[in-house]
Structure formats: structure tokens, C-alpha cells
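Asker: First, the structure itself, so that you have it in front of you.
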């Protein structure tokens with residue numbers, strides 16, 4: 005049998021392990037299809053001088069889902085009611101899943117946000133007009149928004165790749181999860197709908213960063 009001193013030591017180690025796990029715990033949210041618009045394209049689609057109307061705040065500071073939606077048009081089909089996210093960006097970007105790509109007739113490459121080199125385009129339609137973008141349609145690479153203090157404490161470098169364990173009926177380890185580090189970020193992981201459906205994940209579930 006364990007003596008009291010040995011038992012205390014075991015309890016101490018278990019508590020330390022649990023605390024360490026909590027430090028690495030990350031909220032996982034499912035990122036459905038959406039569009040980021042430049043101010044120029046926003047005005048083409050919704051009218052001159054138009055400003056997005058916030059519908060609900062997102063987890064990252066300053067970001068929000070807008071009331072506005074657009075129609076995404078591809079060579080083989082359309083997807084209606086695609087949510088616009090704010091605030092406006094320098095360049096328009098359309099984020100869809102590979103499954104959405106089959107509907108549209110577009111093969112979106114897996115890319116980090118903002119990397120549009122060699123990506124396909126599409127047509128966007130709003131209540132006041134339409135616009136063709138020559139590039140900017142992507143399937144977003146799974147990634148984690150990481151505040152700089154968390155990165156420093158855990159030895160995580162910006163643009164490095166991590167592994168994330170998700171418990172549940174379909175226990176899975178996500179490999180090649182891009183780390184995006186900024187002092188403005190809140191700790192949050194994003195996967196797209198294809199990844200979420202395949203692994204049985206719903207928004208708000210927790211994963212563990214494996215360091």
C-alpha cells in the first residue's frame with residue numbers, strides 16, 4: 005500500500021499533469037463557408053458607401069458575422085446565403101469546403117488565409133450588383149489563433165505546425181495544424197465543415213495541443 009507521503013506525491017503529479025493539460029486546451033470552432041469582402045467589392049454588391057451590419061461577434065477580437073449574405077456562383081452551380089464576415093479586408097476572399105467545391109464546379113486549394121497565389125476565382129452576387137474575382141477562393145487550412153503569451157510559454161513559433169488531439173466517439177489527432185501567433189488573438193482552433201463532419205466535431209468542443 006502507498007504511504008501517505010507517496011500518496012501525496014502521486015496526487016501532486018496528477019494535479020500538475022491536469023493543470024498542464026488545461027494550459028494546452030483549445031476551443032475548436034467549425035468554420036462554415038463565408039466571404040471576406042474588400043470595401044470596393046462591398047460597395048459593388050451592396051451600394052456606394054455601404055457598411056456591414058454586425059449580426060454577432062466572433063471569438064477573435066473585432067471580428068463579426070454580418071447580416072449581409074451573397075450568392076457564390078461557379079461554373080457548375082451556385083450557393084446562396086453565404087455569410088459575409090467583417091470587418092472589410094484589403095482583398096476579397098471566399099472560403100468554402102471541398103464539398104462546396106463540387107457544387108460550384110471549383111476545386112479550392114487548401115491555403116492559409118490571405119494566400120491567393122494560384123487560387124481560382126468565382127462570381128459574387130449581391131442585391132445591388134455582381135463582381136467577378138479572378139482569385140481568392142480557398143479551402144481554409146486548419147489553424148489555431150494563438151496569443152503571443154501562450155506561444156511564448158509553450159515554445160510555439162508563428163507559422164509552425166502543431167498536432168491537436170480531440171477526444172470523443174471518433175477520437176482523432178489533427179496533424180499539420182497551422183499556428184498563427186499574434187498579441188491580438190484569443191486561443192481558438194478552426195476546422196472546416198468537411199473536417200468537422202468526418203471527425204464528429206461541433207463548435208465549442210475542446211481539443212488538446214500536443215507539445
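Residue numbers (the working numbering): 5 to 215. The C-beta atom is built at its ideal place from N, Cα and C for all residues, glycine as well.
Exposed or buried, residue 166, counting other C-beta atoms within 10 Å across all chains shown (16 or more means buried)?
Answerer: The residue you call residue 166 lines up with position 162 of the chain shown. Classification for residue 166: buried.
Asker: Going straight from the alpha carbon of residue 169 to that of residue 175, what length do you get?
Answerer: As a first step, residue 169 is located in the chain shown; it is residue number 165 there, counting from the start. As a first step, residue 175 is located in the chain shown; it is residue number 171 there, counting from the start. Approximately 8 Å between the Cα atoms of the pair.
Asker: Given a cut-off of 8 Å, decide if residue 102 and residue 69 are closer than it, judged by their beta-carbon atoms.
Answerer: Within the chain shown, the letter at position 65 stands for residue 69. Within the chain shown, the letter at position 98 stands for residue 102. It is not a contact, given that the beta carbons lie outside the stated cut-off.
Asker: Run the proximity test for residue 101: is its beta-carbon closer than 7 Å to any non-hydrogen atom belonging to the ligand MG?
Answerer: This structure lacks the ligand MG; in fact it carries no ligand of any kind.
Asker: Please report the residue range of the beta strand (DSSP E) in which residue 29 lies.
Answerer: Position 25 of the chain shown, counted from the start, is the residue given in the question as residue 29. Taken as a continuous stretch (DSSP letters only), the beta strand (DSSP E) holding residue 29 covers 29 to 35.
Asker: Should residue 195 and residue 39 be called a contact, given that it needs their Cβ atoms to be closer than 8 Å?
Answerer: For the purposes of this step, residue 195 is taken as the residue at position 191 of the chain shown. For the purposes of this step, residue 39 is taken as the residue at position 35 of the chain shown. No; because the gap between Cβ atoms is not below 8 Å, this pair is not in contact.
Asker: Alpha carbon to alpha carbon, how far is residue 124 from residue 110?
Answerer: Counting from one through the chain shown, the residue named residue 124 turns up at place 120. Counting from one through the chain shown, the residue named residue 110 turns up at place 106. Their backbone Cα atoms lie some 7 Å apart in a straight line.
Asker: Assuming the contact rule is C-beta atoms closer than 8 Å, residue 146 and residue 182 should be a hit. Round their C-beta distance to whole Å, please.
Answerer: Numbered from 1 along the chain shown, position 142 holds the residue referred to as residue 146. Numbered from 1 along the chain shown, position 178 holds the residue referred to as residue 182. Indeed, because the Cβ distance is near 7 Å, the residues count as touching under 8 Å.
Asker: Starting from the Cα of residue 140, find the closest Cα among 30, 128 and 199 and give me that residue.
Answerer: Here residue 140 refers to the residue found at position 136 when the chain shown is read from its first residue. Closest by alpha carbon: 128.
Asker: Taking the Cβ atom as the reference point for each residue, do residue 133 and residue 108 lie within a distance shorter than 8 Å?
Answerer: By 1-based counting over the chain shown, the position of residue 133 is 129. By 1-based counting over the chain shown, the position of residue 108 is 104. No, they are not a contact pair.
Asker: Could you check what DSSP says for residue 206 in three-state terms: helix, strand or coil?
Answerer: Here residue 206 corresponds to residue number 202 of the chain shown, with the count starting at 1. Three-state DSSP puts residue 206 in coil, outside helix and strand.
Asker: Need the endpoints of the alpha helix (DSSP H) that residue 43 sits in, please.
Answerer: Against the chain shown, residue 43 aligns to sequence position 39. Element bounds for residue 43: 43 to 50.
Asker: Between the alpha carbons of residue 151 and residue 191, how many angstroms are there, rounded?
Answerer: Translated into positions along the chain shown, residue 151 becomes position 147. Translated into positions along the chain shown, residue 191 becomes position 187. Looking at the two C-alpha atoms, the distance is approximately 6 Å.
Asker: Considering residue 152, what are the terminal residues of the alpha helix (DSSP H) in which it resides?
Answerer: What you label residue 152 is simply residue 148 of the chain shown in a count that begins at 1. Counting along the chain, the alpha helix (DSSP H) containing residue 152 begins and ends at 152 to 158.
Asker: Does DSSP classify residue 97 as helix, strand or coil?
Answerer: Here the question's residue 97 lines up with position 93 in the chain shown. Three-state result, residue 97: strand.
Asker: Compare the beta carbon distance of residue 131 and residue 50 with 8 Å and say whether it is the shorter of the two.
Answerer: Walking along the chain shown from the start, residue 131 turns up at place 127. Walking along the chain shown from the start, residue 50 turns up at place 46. The answer is yes: Cβ separation under 8 Å.
Asker: What's the gap between the Cα of residue 83 and the Cα of residue 126?
Answerer: The residue you call residue 83 lines up with position 79 of the chain shown. The residue you call residue 126 lines up with position 122 of the chain shown. About 11 Å.
Asker: Identify every residue that forms a DSSP beta bridge with residue 73.
Answerer: Position 69 of the chain shown, counting from 1, holds the residue named residue 73. For residue 73, which the question treats as bridged, DSSP gives the partners 87.
Asker: Using a Cβ-Cβ cut-off of 7 Å (strictly less than) and excluding sequence neighbours within five positions of residue 104, which residues of its own chain qualify?
Answerer: In the chain shown, residue 104 corresponds to position 100, counting from 1. Contacts found: 37 and 83.
Asker: Which same chain residues end up closer than 6 Å to residue 48 when comparing Cβ atoms and leaving out the 5 residues on each side of it in sequence?
Answerer: For the purposes of this step, residue 48 is taken as residue 44 along the chain shown, with counting starting at 1. So the list reads 133 and 135, once near-sequence residues are dropped.
Asker: When the Cα of residue 154 is compared with those of 215, 197 and 97, which residue comes out closest?
Answerer: Looking up residue 154 in the chain shown gives position 150. The option with the nearest alpha carbon to residue 154 is 215.
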